[in-house]
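Heads up, the thing below is written out as structure tokens.
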Amino acid sequence: MVNTKLGPAPPGLTLASLLIWGWQTQHMFYATIVGLLLELPLFIKWRINFTDKDVNQLVDLSGVIFFVITVYVFVNYSFQGIYKILELLPLTLLLLMLAQNYGVQNGLKTSALFISIRRLGENASPDVLYSIDIGMPFVFISLMSASSGNQHSDYFFIACVLIIAWLLFPQRTEHFSNVTWFCSIVFACFFAYLAQGGLQQLQYQSEAFFLELFEQYGWKSTDPEHSSTSIGSLGRLKLSDRIMFRVKADKKSPIPLYFRETSYSKYEYGSWRNPKIDFDIIGRLPGKNEWRLNKNKFDKETIDVSIYLQDRAAIIPVPDNINTLSGKDLVQVETSVYGATRIEAREGWINYRLGLSDHDFVEAPPASEDLNISLNYKSDFEQIAARLELYSKTPMEVIKTVQRYFKDNFYYSISQNQRYTKGQYLTKFLFKDKKGHCEYFATATALLLREAGIPTRYTIGYSVQEYSEWQGTYLVRARHAHAWLKYYIDGAWHNMDTTPSVWAPMEAEDRTLLEPIMDLLSWLRYKTTGSDIDSKEEPPSKWMLWLLVPLAVYLAWHFYTKQRVEKNNNLDTIDSVYDRFGTDSPLYPLIKRIEQEADSRQSGETLMTWIKRVLPDKRANQYFDLIILHNSYRFNPMSDKQEEKKMIRDALESLR
Amino acid sequence: MLRKLLFVNFKLVYRFSQWNRQRFTSTGMLILLITPVAGLFGFDTRNTLSFHIFSIASALLFTAIFFSLFFRGRFSIIRKLPEYGRVGTPLKYLCIICNENKTAKRGLILIDELKNQFPSLDHFSKTKDPLDIKRSRFDRFIGYPRLINVMQKLRGGSITQVAIDYIPKQSEVVTVVQLTPLRRGYLYFDKIRLAHAEPLGLFQAQKVFYNNDSLLILPRLYKTPRLNLQSKRTCQQSGVNNASIVGDSQEFISLRDYQPGDSIQSLHWRSFAKLNRPVIKEYQDEHSMRYGLILDTFLNKKSEVIFEDAVSITASLITAQKEHDALLDLMFISNNTCQFTSSRGLADHEKILEMLACVEPVYDSNIHQVEKMIQHYCHECNAFICILLDLDESRLKLIKMLSILNIPAKFLLLRDLKNKDSAELIQENDVHVIHHDNLQQELDTLWKT
Numbered sequence: 019m020v021n022t023k024l025g026p027a028p029p030g031l032t033l034a035s036l037l038i039w040g041w042q043t044q045h046m047f048y049a050t051i052v053g054l055l056l057e058l059p060l061f062i063k064w065r066i067n068f069t070d071k072d073v074n075q076l077v078d079l080s081g082v083i084f085f086v087i088t089v090y091v092f093v094n095y096s097f098q099g100i101y102k103i104l105e106l107l108p109l110t111l112l113l114l115m116l117a118q119n120y121g122v123q124n125g126l127k128t129s130a131l132f133i134s135i136r137r138l139g140e141n142a143s144p145d146v147l148y149s150i151d152i153g154m155p156f157v158f159i160s161l162m163s164a165s166s167g168n169q170h171s172d173y174f175f176i177a178c179v180l181i182i183a184w185l186l187f188p189q190r191t192e193h194f195s196n197v198t199w200f201c202s203i204v205f206a207c208f209f210a211y212l213a214q215g216g217l218q219q220l221q222y223q224s225e226a227f228f229l230e231l232f233e234q235y236g237w238k239s240t241d242p243e244h245s246s247t248s249i250g251s252l253g254r255l256k257l258s259d260r261i262m263f264r265v266k267a268d269k270k271s272p273i274p275l276y277f278r279e280t281s282y283s284k285y286e287y288g289s290w291r292n293p294k295i296d297f298d299i300i301g302r303l304p305g306k307n308e309w310r311l312n313k314n315k316f317d318k319e320t321i322d323v324s325i326y327l328q329d330r331a332a333i334i335p336v337p338d339n340i341n342t343l344s345g346k347d348l349v350q351v352e353t354s355v356y357g358a359t360r361i362e363a364r365e366g367w368i369n370y371r372l373g374l375s376d377h378d379f380v381e382a383p384p385a386s387e388d389l390n391i392s393l394n395y396k397s398d399f400e401q402i403a404a405r406l407e408l409y410s411k412t413p414m415e416v417i418k419t420v421q422r423y424f425k426d427n428f429y430y431s432i433s434q435n436q437r438y439t440k441g442q443y444l445t446k447f448l449f450k451d452k453k454g455h456c457e458y459f460a461t462a463t464a465l466l467l468r469e470a471g472i473p474t475r476y477t478i479g480y481s482v483q484e485y486s487e488w489q490g491t492y493l494v495r496a497r498h499a500h501a502w503l504k505y506y507i508d509g510a511w512h513n514m515d516t517t518p519s520v521w522a523p524m525e526a527e528d529r530t531l532l533e534p535i536m537d538l539l540s541w542l543r544y545k546t547t548g549s550d551i552d553s554k555e556e557p558p559s560k561w562m563l564w565l566l567v568p569l570a571v572y573l574a575w576h577f578y579t580k581q582r583v584e585k586n587n588n589l590d591t592i593d594s595v596y597d598r599f600g601t602d603s604p605l606y607p608l609i610k611r612i613e614q615e616a617d618s619r620q621s622g623e624t625l626m627t628w629i630k631r632v633l634p635d636k637r638a639n640q641y642f643d644l645i646i647l648h649n650s651y652r653f654n655p656m657s658d659k660q661e662e663k664k665m666i667r668d669a670l671e672s673l674r
Numbered sequence: 195m196l197r198k199l200l201f202v203n204f205k206l207v208y209r210f211s212q213w214n215r216q217r218f219t220s221t222g223m224l225i226l227l228i229t230p231v232a233g234l235f236g237f238d239t240r241n242t243l244s245f246h247i248f249s250i251a252s253a254l255l256f257t258a259i260f261f262s263l264f265f266r267g268r269f270s271i272i273r274k275l276p277e278y279g280r281v282g283t284p285l286k287y288l289c290i291i292c293n294e295n296k297t298a299k300r301g302l303i304l305i306d307e308l309k310n311q312f313p314s315l316d317h318f319s320k321t322k323d324p325l326d327i328k329r330s331r332f333d334r335f336i337g338y339p340r341l342i343n344v345m346q347k348l349r350g351g352s353i354t355q356v357a358i359d360y361i362p363k364q365s366e367v368v369t370v371v372q373l374t375p376l377r378r379g380y381l382y383f384d385k386i387r388l389a390h391a392e393p394l395g396l397f398q399a400q401k402v403f404y405n406n407d408s409l410l411i412l413p414r415l416y417k418t419p420r421l422n423l424q425s426k427r428t429c430q431q432s433g434v435n436n437a438s439i440v441g442d443s444q445e446f447i448s449l450r451d452y453q454p455g456d457s458i459q460s461l462h463w464r465s466f467a468k469l470n471r472p473v474i475k476e477y478q479d480e481h482s483m484r485y486g487l488i489l490d491t492f493l494n495k496k497s498e499v500i501f502e503d504a505v506s507i508t509a510s511l512i513t514a515q516k517e518h519d520a521l522l523d524l525m526f527i528s529n530n531t532c533q534f535t536s537s538r539g540l541a542d543h544e545k546i547l548e549m550l551a552c553v554e555p556v557y558d559s560n561i562h563q564v565e566k567m568i569q570h571y572c573h574e575c576n577a578f579i580c581i582l583l584d585l586d587e588s589r590l591k592l593i594k595m596l597s598i599l600n601i602p603a604k605f606l607l608l609r610d611l612k613n614k615d616s617a618e619l620i621q622e623n624d625v626h627v628i629h630h631d632n633l634q635q636e637l638d639t640l641w642k643t
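Protein chains in written order, with our numbering: chain B, 19 to 674; chain D, 195 to 643.
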């Protein structure tokens, strides 16, 4: 017969593996105590007779402890906590190991470990219902837990090799010599060493590759001096669903619709440009990692923005009414005359807090470029301005007229299928196609207002409109990128957007089926990578700890009712057992009396032998039939109890 | 569609798990389980050092598989099976392994296999597993545990692996293998594997031998008392010495007084005339009885467990009669009406038991065929024992028919404990209910009542 079940762990191995765990995770004290406790049964003989029910309850309790630890760790450490849970695994399994090592059964039944087998009870097939020794799995679990310590990599490798070799030595095939076994282990370890080095290299290489790939999808800083538009691009404008940044704000308070990046003043052949500009460095507020960009002393409200930076310096999207900017990752903040806000921070996910006020950020007053129209388009806009009689209207009337003009005569489209010569696309938009996307509208409006004598700037940025209930943040996707314009009237810059409002729903129609999955992945990455940023600024959300309350209530109820049922059952069982085994036999009073008169029964001595020993033969003979009857009443389940009880009583009466 | 997809996946999972179980030792399985777990935690080599465990475990498996490739050798194996076995009773058979190599071989493991028959999707969907009640909803919905049980039942038994420590060169060893049959009918043996573990003791190289054999497994037997039914004709002439068929013997012994139930044809007219009272010619073996044993095979929607109980009780009754003189007519409906007479040299009990071993339940409700069968044989049998699976209208009709025919009969109704029949109905028709969970004890009291 071949034993196909897992054997016990070699003596001392559990302690050794726990010591490695203690060494790696800085829990050496606990590791030593637990290890010695688990190895102690090797030196002592007494054992505890755990019933199956006891073991089941211990397993359940271990499961509950594991669950509580998981919730607690998850609340406090978020997803990073998975390594903390891994670290604590040996302690959560301690009860099971104690039950195994100190129990008489020398193993745990699969029915205790697996609920599905437990439910089958006695009907479970012997193929699945058997006793297993969890010693060896525990050694491996201890090693896995030790690995979460993430220290002394090379020594840990050696320790693992030694432990596994120690574990495998008793399992070796005996008809091979020990030398062959040793060579096989060395062979395996050599490959393992190469493999672990290779794995590390593979990670570095793949990280570099994916980082490069990921960066393409990360935040690309806008060029403050140049912006190429898609005016003139053929085909369907395709913007991706990828999340560019997240805005966390109180849902009840209105959030600014537009987050601008920068503005441009000069348009030529599908590109907006600015003259070479210098950024002004904003001074950090004393004692804080905060910068004031506007004149207001206090913030009316604050919103948090999370963004992935691929460079240390980048132009970030901010609303017009920005007042302050703060964040622990920010190093420097600069602004340009065209409204761009550039930050210097570390690469990766960063959070910054925006303080908002009632007044918009003050951009530099218009210059001559803000009224400039390229000669290529001059005649086109003159023609429209004349037709709309803009020259004779006040600036406010011009604004209204232009807005109405675009609203009534143009419609939104993200497709451009007609091919024209370079520089003709804007003209064709105005006079022939009368359809286009936001860049067409913003550019055409800006130039038309300039023709009417109003300074304008072409502005790019994002429209914030999608709120994710389950993530609790506004999601700003690549397809939410938008272009609008600013016009200068009465000494201030004002936003104007002539793009039909259907642009956002139309672009949302192009979302892919994979969007929810990609969102989830993005969120996971955001939560795992960005959690460090949050954890220091915000206390971890403790609400999940409330999960423990119903659990505790359930457990209390579970154990209480179980105990109560068990007690009741026990009482019933005891009663029924006593009844069944006839402990109410009328002979017992007589036995007590004889015990008082003579020597009491010794352990293991039968009633018959005892009577023979303590009573004279003649008297003892009187009791023999009675004892046989009593034994039948006491132990024979098939006998007629009432009848036998009556017979015993009668016999006793006759003896008296 | 989902069910079909799951079913296809079940096949893959089952084969994969079987392959693993056959190839890896218990320690090898542990290493195999650790590998993906360590790989998962060690995915990010910056966060944990689990990748060390992953690489060691992978390297060990790789090494073990690599060394197993060096197992070479020529062997032949012959299986020596007994004539039949019995459900639930472990039986032993021999395997003769011949080492045809020029070197002795050590550390071999003999793994004999019963044929794995994968059920069709239709069969799997229709099969009911009594254990399903105890399973979780998830297990019931997915159905994999049920498939495992179906597979186990189709396979029909479990065979223990046997270690063969040493086979001298060019010689044979005989090993004893133990099989525990789990169902009746024929079990089909498929492959025999000769495994050999590599030095690390994690993986087994295997040589596969295709030896197709079959073994008949008879139904489970219970202790049953001798049949003792009140018959209207207790002194039947039923000799066999000169009769090639069932019937009256021609071996005259003596004369005796007439007793009610004796055939008038046996009257000795001369003595009748002389003594002026009826005298009967007595033949040898006149005291044997002839019982009709009717097995209800119409299972319909009932659990197969009670059908197995019915078959076992039938087999037990037949076996109990083996040492007695009574003739026993086993009748049941399978694809057609089946009737076999046993005892007194007419047919071996083993033949009847073989029939019973292979009897399958019928799922349509053409139970009126049984009525026809009884009508046909009622004049040949002294009494009937009907083993019923249900007590519906058609079966009640059957009971009434036997009552009208005035033939002594005993009705045994097989039941799960959960089924509760009307006590009045049972009492009225004198039906003896036998519950699955209390079968032996109720059989013991069968004739007492």
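We put the CB at the ideal spot given by N, CA and C, even for glycine.
Straight-line Cα distance separating residue j from residue i
| i | j | result |
| --- | --- | --- |
| Ala577/D | Glu587/D | 22 Å |
| Arg631/B | Asn654/B | 25 Å |
| Ile411/D | Gly282/D | 10 Å |
| Glu381/B | Arg422/B | 27 Å |
| Pro28/B | Pro324/D | 41 Å |
| Asn292/B | Ser354/B | 11 Å |
Burial state of residue i (16 or more Cβ within 10 Å)
| i | result |
| --- | --- |
| Arg278/B | buried |
| Gly490/B | exposed |
| Ser397/B | exposed |
| Gly479/B | buried |
| Ala298/D | exposed |
| Leu619/D | exposed |
| Phe379/B | buried |
Supposed close pair residue i, residue j - CB separation, criterion 8 Å
| i | j | result |
| --- | --- | --- |
| Asp347/B | Arg364/B | 5 Å |
| Leu308/D | Tyr382/D | 7 Å |
Check: residue i C-beta below 7 Å from any heavy atom of the ligand HEM
| i | result |
| --- | --- |
| Tyr380/D | Ligands in the displayed structure: none, and consequently the ligand HEM is not present. |
Any chain E beta carbon closer than 8 Å to residue i
| i | result |
| --- | --- |
| Gln118/B | The chain inventory of the structure shown lacks chain E, comprising the protein chains B and D. |
field: Against chain B: residues of the stretch 578-610 of chain D by CB proximity under 8 Å
entry: none
- request: Below 8 Å between beta carbons is the criterion; list the residues of the stretch 382-393 of chain D that meet it against any residue of chain B, in chain order.
  value: Ala391, Glu392 and Pro393
query: Are the stretch 256-264 of chain D and the stretch 394-402 of chain D touching, with three or more C-beta to C-beta distances below 8 Å?
result: Yes: at least three Cβ pairs fall under 8 Å.
field: the stretch 355-369 of chain D in contact with the stretch 155-170 of chain B per 3-pair CB rule at 8 Å
entry: no
message: Please list, in chain order, the residues of the stretch 446-458 of chain D that have any C-beta partner in chain B closer than 8 Å.
response: none
message: Counting only Cβ-Cβ distances shorter than 7 Å, please list the residues of the stretch 313-333 of chain D near chain B, keeping chain order.
response: Leu325, Lys328, Arg329, Ser330 and Asp333
- prompt: Quick one, which residues of the stretch 172-191 of chain B are near chain D if we go by CB-CB under 7 Å, in chain order?
  reply: Phe174, Phe175, Cys178, Val179, Ile182, Leu186, Gln189, Arg190 and Thr191
message: Is it the case that the stretch 365-385 of chain B contacts the stretch 324-344 of chain B, given that we only count it when at least three CB pairs across the two stretches are under 8 Å?
response: Output reads yes: the stretch 365-385 of chain B touches the stretch 324-344 of chain B.
task: Answer yes if the stretch 387-403 of chain B comes into contact with the stretch 279-297 of chain B, meaning at least three C-beta pairs across the two stretches below 8 Å, and no otherwise.
output: yes
message: Assess contact between the stretch 33-42 of chain B and the stretch 165-180 of chain B, defined as three or more Cβ pairs (one per stretch) separated by less than 8 Å. Is contact present?
response: yes
query: Residues in the stretch 641-668 of chain B with C-beta within 9 Å of chain D's C-beta atoms, listed in sequence order?
result: Within the stretch 641-668 of chain B, no residue places its CB atom closer than 9 Å to a CB of chain D.
Contacting positions in the stretch 195-227 of chain D - beta carbon closer than 7 Å to chain B: Ser220, Thr221 and Leu224
message: For the stretch 398-411 of chain D, list every residue whose C-beta sits within 8 Å of some C-beta in chain B, in sequence order.
response: Residues passing the 8 Å Cβ filter: none.
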